[in-house]
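Numbering (our numbering), first residue to last: 4 to 436. Just so it is clear, CB atoms sit at the ideal spot from N, CA and C, and this is done for glycine as well.
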């Protein structure tokens with residue numbers, strides 16, 4: 004990996020270093036055509052490849068920041084992990100019958116403008132539809148890159164009003180698109196309004212800017228956001244080659260200013276579907292004070308079939324991480340369930356069997372061991388009034404507030420079965436009664 008802030012080693016651009024580090028210059032000079040890509044990078048596509056790409060570009064646009072393009076190894080173009088994430092492929096037209104425009108049903112879980120409310124205590128606040136780069140594996144292809152759609156402040160204010168009205172919301176994630184496409188003043192204005200809501204404890208920012216345009220992380224931006232802590236910052240590095248000197252500087256600015264940093268990688272065929280690549284990435288992230296948070300199985304969005312791996316590949320990678328490196332470097336491998344079911348953790352099996360007083364386990368080496376359970380265990384006498392029990396202002400776990408498996412596990416709930424809404428057997432019972 005060449006650690007440089009200058010593009011002159013790989014791009015046909017004659018530009019002063021100060022201008023190269025201006026993030027707005029990169030947005031004004033996005034590479035959005037094949038001709039521009041060839042001119043700037045010096046790469047050459049065959050006439051046959053160009054013809055194949057025309058149909059892809061008519062459906063899914065092209066946009067690469069000059070910075071990110073400078074990371075492409077043009078000598079090994081079609082095998083390069085940076086190229087694969089940023090340049091269109093004819094395989095994006097291989098649409099499978101099970102792929103969806105909105106696989107996570109974010110629109111269905113949107114009770115107010117700019118809001119996705121899927122989990123009980125947190126929401127997604129979509130503040131921008133645009134990104135600095137059009138990532139080829141984007142799960143929101145239906146929204147990102149749509150130059151005809153802009154999220155205005157009036158719509159965002161309606162979303163913030165929803166958060167204000169729902170006191171169960173303690174965690175707000177600003178996402179998009181990329182929120183850092185907005186000017187500093189607008190980002191601060193949004194965060195200031197969210198921070199003023201008493202029941203919001205945590206604000207999170209989700210941005211790929213440290214990866215595709217690290218110069219966006221300016222001293223001015225950091226100073227504007229610091230007064231609104233706690234703000235957690237999540238980004239998406241997918242390959243070690245993306246961790247350049249510029250990106251490390253951006254991460255250091257955020258970490259030094261007190262932003263806890265997390266990373267959410269997407270498992271991509273031909274990019275990072277290798278235990279060695281993934282471990283190298285995670286180790287480098289931790290060195291930069293970035294906590295590996297998730298590895299996502301690639302979603303069922305349209306045009307992503309060539310990026311998807313078997314779920315077993317992700318489990319194999321986890322098998323090669325757990326026990327083989329420090330727990331701090333181990334993210335959670337998840338499938339974001341189609342239909343809006345949320346993130347489901349997927350793990351190798353470590354419990355082999357169990358009885359009423361023993362659990363048989365295996366470790367990362369294959370060593371099989373036994374954990375002896377207690378002979379006598381008396382669970383606490385629980386009346387679900389948690390705030391009284393522990394003398395801390397927390398939400399009581401009363402039956403009407405419990406959902407899903409948590410409700411079945413509760414001794415205070417009389418519910419013993421959760422039934423899918425279209426269960427034929429139960430529908431037949433209703434008909435007969």
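With DSSP as the reference, label residue 216 as helix, strand or coil.
-> Of the three classes helix, strand and coil, the one that applies to residue 216 here is coil, per DSSP.
Find out if the Cβ-Cβ distance for the pair residue 90, residue 118 is shorter than 9 angstroms.
-> No. Outside cutoff.
Can at least three beta-carbon pairs, one atom from the segment 264–284 and one from the segment 306–316, be found at a separation below 8 angstroms?
-> The segment 264–284, when compared against the segment 306–316, does touch it at the 8 angstroms Cβ threshold.
Could you check what DSSP says for residue 414 in three-state terms: helix, strand or coil?
-> Three-state DSSP puts residue 414 in coil, outside helix and strand.
Per DSSP, which residues does residue 209 bridge with? Please list them.
-> DSSP, once it has assigned bridges, lists 237 as partnering residue 209.
Can you have a look at residue 140 and say buried or exposed, based on whether 16 or more other CB atoms are within 10 angstroms of its CB?
-> So residue 140 counts as buried.
Below 9 angstroms between beta carbons: does that hold for residue 341 and residue 103?
-> Yes, the pair counts as a contact, with Cβ atoms nearer than the cut-off.
Alpha carbon to alpha carbon, how far is residue 250 from residue 71?
-> Residue 250 and residue 71 have their C-alpha atoms roughly 11 angstroms apart.
Going by the CB atoms, is the gap between residue 203 and residue 172 shorter than 9 angstroms?
-> Cβ atoms of residue 172 and residue 203: closer than 9 angstroms.
Would you say the segment 200–215 touches the segment 175–182, given that touching needs at least three Cβ pairs under 8 angstroms?
-> Judged by Cβ distances under 8 angstroms, the segment 200–215 makes contact with the segment 175–182, as three or more pairs qualify.
Would you decide whether residue 465 is buried or exposed? Buried here means 16 or more other CB atoms lie within 10 Å of its CB.
-> This structure cannot settle anything about residue 465, because the visible part of the chain is limited to 4 through 436.
Residue 122, enclosing alpha helix (DSSP H) - first and last residue | It is not in any alpha helix (DSSP H) - residue 122 instead sits in the beta strand (DSSP E) that spans 118–122.
Inspect the beta-carbon positions of residue 221 and residue 23 and report whether they are closer than 9 angstroms.
-> Not closer than 9 angstroms, so no.
Which value, in whole angstroms, describes the spacing of the CA atoms of residue 17 and residue 31?
-> In a straight line, the C-alpha of residue 17 is about 16 angstroms away from that of residue 31.
So, helix, strand or coil for residue 142, using DSSP?
-> The answer is coil: DSSP assigns residue 142 none of H, G, I, E or B.
Span of the beta strand (DSSP E) holding residue 178?
-> Residues 174–179.
With burial defined as no fewer than 16 other Cβ atoms inside 10 Å of the residue's Cβ, what is the status of residue 236: buried or exposed?
-> Residue 236 is buried by the Cβ-count criterion.
Could you name each continuous beta strand (DSSP E) segment of 3 residues or more that falls completely within the segment 59–141, going from the start of the chain to the end?
-> For the segment 59–141, whole beta strand (DSSP E) runs of length 3 or above, ordered along the chain, are 118–122 and 125–131.
Are residue 207 and residue 234 closer than 9 angstroms when you measure CB to CB?
-> Yes, they are a contact pair.
Supposed contact pair residue 134 and residue 211 - C-beta distance, whole angstroms, cut 8 angstroms = Right, their Cβ atoms sit about 7 angstroms apart.
Residue 374, enclosing alpha helix (DSSP H) - first and last residue = Following the DSSP letters along the chain, one finds residue 374 in no alpha helix (DSSP H) but inside the beta strand (DSSP E) bounded by residues 371–375.
Ignore the nearest five residues each way along the sequence and tell me which others in residue 418's own chain have a CB closer than 7 angstroms to its CB.
-> Correct list, in chain order: 410 and 411.
Proximity winner among 94, 46, 62 and 95, relative to residue 76 (alpha-carbon distances) | For residue 76, the nearest C-alpha among the options comes from 46.
Give a yes or no on whether the C-beta atoms belonging to residue 215 and residue 323 are separated by under 9 angstroms.
-> Judged by their CB atoms, residue 215 and residue 323 are not nearer to each other than the 9 angstroms cut-off.
Per DSSP, what kind of secondary structure is residue 394 in: helix, strand or coil?
-> If DSSP states are grouped into helix, strand and coil, residue 394 belongs with coil.
According to DSSP, is residue 197 helix, strand or coil?
-> DSSP places residue 197 in helix when its eight states are reduced to three.
Where residue 255 and residue 262 are concerned, what is the direct C-alpha to C-alpha distance, given to the nearest angstrom?
-> Roughly 10 angstroms separates the two Cα atoms.
When you compare only the Cα positions, how much space is there between residue 331 and residue 268?
-> Going by the C-alpha atoms only, they are around 15 angstroms apart.
State the CB to CB distance for the pair residue 69 and residue 93, rounded to an integer number of angstroms; the pair is presumed to be in contact (CB under 8 angstroms).
-> In this structure residue 69 does not touch residue 93 by the C-beta definition: roughly 24 angstroms separates them, more than the 8 angstroms allowed.
Straight-line gap, residue 359 to residue 400 (C-alpha atoms, nearest Å) = Going by the C-alpha atoms only, they are around 27 angstroms apart.
Where residue 245 falls, given that 16 or more other Cβ within 10 Å makes a residue buried = Result: buried.
Counting along the chain, where does the alpha helix (DSSP H) carrying residue 251 start and finish?
-> Per DSSP, residue 251 belongs to the alpha helix (DSSP H) from 248–259.
What residue from 124, 372 and 113 has the CA that sits closest to residue 158's CA?
-> Scanning 124, 372 and 113 for the CA closest to the CA of residue 158 turns up 113.
Taking just the CA atoms, how far does residue 161 sit from residue 9?
-> A caution first: residue 9 carries a pLDDT of 48, below 50, which makes its placement in the model unreliable, though a value can still be read off. Those two C-alpha atoms are separated by around 43 angstroms.
Is the beta carbon of residue 366 sitting closer than 9 angstroms to the one on residue 326?
-> In this structure, residue 366 lies near residue 326, with their beta-carbon atoms less than 9 angstroms apart.
Which same chain residues, not among the five before or five after residue 223, have their C-beta less than 7 angstroms away from its C-beta?
-> These residues qualify, in order along the chain: 187.
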